[in-house]
Amino acid sequence: MQWEEFIEKFPIQLNKQQTDAVRMVDGAVLLLAVPGSGKTTVLVARLGYMIYCRGIAPEKILTVTYTVAATKDMSARFAGFFGREMAERLEFRTINGICAKIIAFYGRKIGKDAFKLVTDDKSMTGVLAQIYQEVEDTYPAESDLKNVRTMITYIKNRMLKDDEIKEMDANLDIHISGIYKEYCGKLREQGLMDYDDQMIYAYTMLQRSPEVLRYFQNLYPYICVDEAQDTSKIQHAIIALLASKTENLFMVGDEDQSIYGFRAAYPEALLSFEKDHKGAKVLLMEENFRSNANIVAAADGFIQKNTLRHEKHMKPAREAWSRIREIKVKDRMAQYPYLAEIADGCQKQTAVLYRDHESVVPLVDLLERNGAPYRIRNTELTFFTHRTVLDIENIIKLALDPTDTEAFLQIYYKIGTYIRKQDAFKIAEISRRHDIPVLDAAIEFGGLQGHTISSVKSVRTHLKNMLDERGDKAVQRIVRYMGYGDYMERSGIGDGKIFILKAIGVRETSPASLLERIYFLQDIFRNKETDYQCPFILSTIHASKGLEYDTVYLMDVADGLFPEEVLLDRKRASKQEVETYEEERRLFYVGATRAKDNLLLFNTGMESTFRRQLLEKDKAAASVLSAAERKAFSERFRDGALIQHSKYGAGAVSGIDEKRVSICFSKDKKERTFDLEALYQSGQLLNK
């Protein structure tokens, strides 16, 4: 079949850059596809072209995707164009799927069974907790175990050597090298392997057995790889081995969208592609079909500031529409009521994106209080299981129950008691035996020195006095006056979790109710049912990758939050510092390019390098409404003008000033005042 026949029979719309990518079949090809450029369409069209125009048997093509869900989606997309029968002859697999096939083949070859794959992380959690306790001499919180698992995955995927693993100890607050060694030993002893081992073993088999390597090279003379920027070092190594015979390797990705460094993503492989693959070609797909031209121009100018990238420019396919908007609020806390108002009666697809899971906790708290509908993607409990949050909970528990020796033993050395470990256990035993408050036992029977007794008395007074305080005031007392802030500083713990706790506590009348609210929110994050029809969406940027939304709000855009650290002097920065900072920029870029029509960023009064750099091409984006937009919108609110609101129904304007409009609604005879900017963005006004 000729190309002209192909595009006539299968009506896939392609521009010139996309067409070039589809027809480039022989040799190593790296296709760099900017956000919204239609990379999946191109990959699927290329598979069809290889089969129908180049006569390549579908069984000879391996397509590697990042997730199992992506394999199903890719197969379905192909079937939509070329039919289910042909789709079933193609092989769509994750890298782990290929590795499982390699290991099974090698096992049959030598007549041995492979180690059993651990498919349920929970089955190893107890083992890892025991190892952690032995190495660190302390029991780990759930978040500690999650961090350790992430680091173990990083070590294996980055193919780190022993000395490199030991170097990690110096930069972490745990001895990861010791934990890693014990963990790997336990797996081998029990004849088990995790998903990361699966790749290590498959790679080793390909390296050491020419027969195994030859078999899979002949099986898959053509290899296509999607989301190449998210692929790890060992995954690239496996793919390179499989492709080394024919070099018919087609990789689709974009180093500007590599945001999974913590999972050991290795965008360096894209930067060295031409060096690593002889005769390799690099193609570009630079046209963004998703976002309005203003968003595309600003995002492209922003990402150009990165240095670890190929030279390319994102170009708009759509016309300019609304500008990127900056929402000025008085402080970080003011983001939540603003967004809660947007959520209330939201009619069009609107996403609130953020860097970290904890950012959204206060917003969820407020939405739940208001009964506003929302859906949240990919929830995590890491905030609730973090050591800082558990410490605050234990201090409150001790205030509520002065005989709670378990809480006391968790926190006595983190607040200003100055009690030694051996004394603490003795005091706890006295408290239990005589059923008296643990701090009373310390003062009366602990045999403590005078200055220590004074410190314990001070802590006891604070615990008593905080019981009548509002939740946020109690947290402030714990941090500032009870010594917990000093402990955080000594331990290198940031105050991000404390801010979140205060944001929840400001609406709680006591530490006891704050504790109850934390438990309530934890249950919400664990068990809330998802309403997939709800247009108001909460998501981390990581979880939103590959998705798009009509309107996007970016939360917590401020130096120290997003990005966590600002690179002040690139010339003096280490290679690791530059890589980390540039990944933060890529994450922000990915967040911005999820927006199709409207992109809004909060200005909380905090300095924001990223916000300033994104908006520098559009100097007029100083407020949510331009003068012309404000005038046009305000003209709709003359006194007595009839208004139709999505939630409150019909109403009449009863007053307006520069920032607010008051409307009296017929349904309940109530007058409500709205912020003009929030009303403008919410889509709640139905008549135009």
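The opening residue of the sequence shown carries number 725 in the numbering used here; numbering runs sequentially from there.
Just so you know, even glycine gets a beta-carbon here, dropped at the ideal spot from N, CA and C.
Legend entry - Pick from HIS1266, PRO1161, GLU1117 and ARG1204 that is closest to THR1317, judged by C-alpha positions: HIS1266
Inset, instruction - Rank PHE1260, GLU812, LYS1355 and ASP980 by C-alpha distance to the C-alpha of GLU1306 and give the top, closest one. - result: ASP980
Inset, instruction - Please report the Cβ distance between ALA988 and LYS957, rounded to the nearest whole angstrom; I am assuming they are in contact, meaning their Cβ atoms lie under 8 Å. - result: 7 Å
Inset, instruction - Return helix, strand or coil for GLU891, following the three-state DSSP convention. - result: helix
Legend entry - Alpha carbon of ASN1251 to alpha carbon of SER1268, nearest angstrom: 21 Å
Inset, instruction - Under 7 Å Cβ to Cβ from ILE903, same chain only, skipping five residues before and after it: list those, please. - result: ILE855, TYR856, VAL859 and VAL872
Inset, instruction - May I have the straight-line CA-CA distance separating VAL1230 from ASP1219, to the nearest angstrom? - result: 17 Å
Legend entry - Identity of the residue in ASP886, LEU884 and LEU869 nearest ALA853 by Cα: LEU869
Legend entry - Cβ neighbours of LYS1029 in the same chain (closer than 6 Å, five flanking residues each side left out): none
Legend entry - Candidates PHE1108, LEU1172, LYS1181 and ASN1102, of which the one nearest ILE1139 by Cα: LYS1181
Inset, instruction - Output the residue ranges of the alpha helix (DSSP H) runs that lie fully inside the region 1035-1069 and measure 4 residues or longer, sorted by chain position. - result: 1059-1067
Inset, instruction - Look at the Cβ atom of LEU1324, then the Cβ atom of VAL1281, and state whether they are nearer than 7 Å. - result: no
Legend entry - Contact under 7 Å by Cβ, LYS1036 with GLU1010: yes
Inset, instruction - State yes or no: is the C-beta of ARG1224 within less than 7 Å of the C-beta of GLU1082? - result: Residue 1224 is actually Ile in this sequence, not Arg. Cβ distance < 7 Å, so ILE1224 and GLU1082 count as in contact.
Inset, instruction - Give the secondary structure of CYS1388 by DSSP, where H, G and I count as helix, E and B as strand, and everything else as coil. - result: strand
Legend entry - Burial state of ALA800 (16 or more Cβ within 10 Å): exposed
Inset, instruction - Out of LYS890, MET923 and VAL1276, state which residue places its alpha-carbon closest to the alpha-carbon of CYS823. - result: MET923
Legend entry - Any non-hydrogen atom of the ligand COA within 6 Å of GLY1003 CB: Looking at this structure, you won't find the ligand COA or any other ligand, since it has none at all.
Inset, instruction - Going by CA-CA distance only, name the one from GLY835, THR874 and TYR830 that's closest to THR849. - result: THR874
Inset, instruction - Compute the distance between the beta-carbons of ALA1096 and ALA1131, then report whether it is under 7 Å. - result: no
Inset, instruction - If I'm right that ILE947 touches LEU966 with Cβ under 8 Å, what's the distance once you round it to whole angstroms? - result: 6 Å
Inset, instruction - Have a look at ASP1247, LYS905, TYR1243 and VAL749 and flag the residue whose alpha-carbon is nearest the alpha-carbon of PHE974. - result: VAL749
Legend entry - Every unbroken alpha helix (DSSP H) inside the region 1164-1246 [4 residues or more]: 1174-1189, 1195-1204, 1208-1215 and 1220-1229
Inset, instruction - Counting only the same chain and skipping the five closest in sequence on each side, list residues whose C-beta sits under 8 Å from that of TYR939. - result: PHE829
Legend entry - Residues sharing a beta bridge with GLU815, DSSP: LEU786
Legend entry - Contacts around TYR944, its chain only, beta-carbon distance under 8 Å, and the 5 residues preceding and following it disregarded: LYS784, ILE785, LEU786, GLU815 and LEU966
Inset, instruction - Measure the Cβ-Cβ separation of LEU1187 and ALA1148 and say whether it is below 7 Å. - result: no
Inset, instruction - Measuring alpha carbon to alpha carbon, tell me which of ALA1402, ILE1019 and GLY1170 ends up nearest TYR1273. - result: ILE1019
Inset, instruction - Using three-state DSSP, classify VAL1020 as helix, strand or coil. - result: helix
Inset, instruction - Compare the C-alpha of ARG1049 against each of LEU1338, GLY1379 and ALA865 and name the closest. - result: LEU1338
Legend entry - Where GLN737 falls: helix, strand or coil (DSSP): coil
Legend entry - C-alpha gap between PHE1334 and ASP1283, whole angstroms: 8 Å
Inset, instruction - Name the two residues that bound the continuous beta strand (DSSP E) containing CYS948. - result: 946-949
Inset, instruction - Measure the Cβ-Cβ separation of THR1176 and SER1155 and say whether it is below 7 Å. - result: no
Inset, instruction - Can you tell me which of LYS1371, GLY1379, SER1370 and TYR1372 puts its alpha carbon nearest to the alpha carbon of GLU1359? - result: GLY1379
Legend entry - Beta-carbon proximity check, ALA794 vs VAL766, cutoff 7 Å: no
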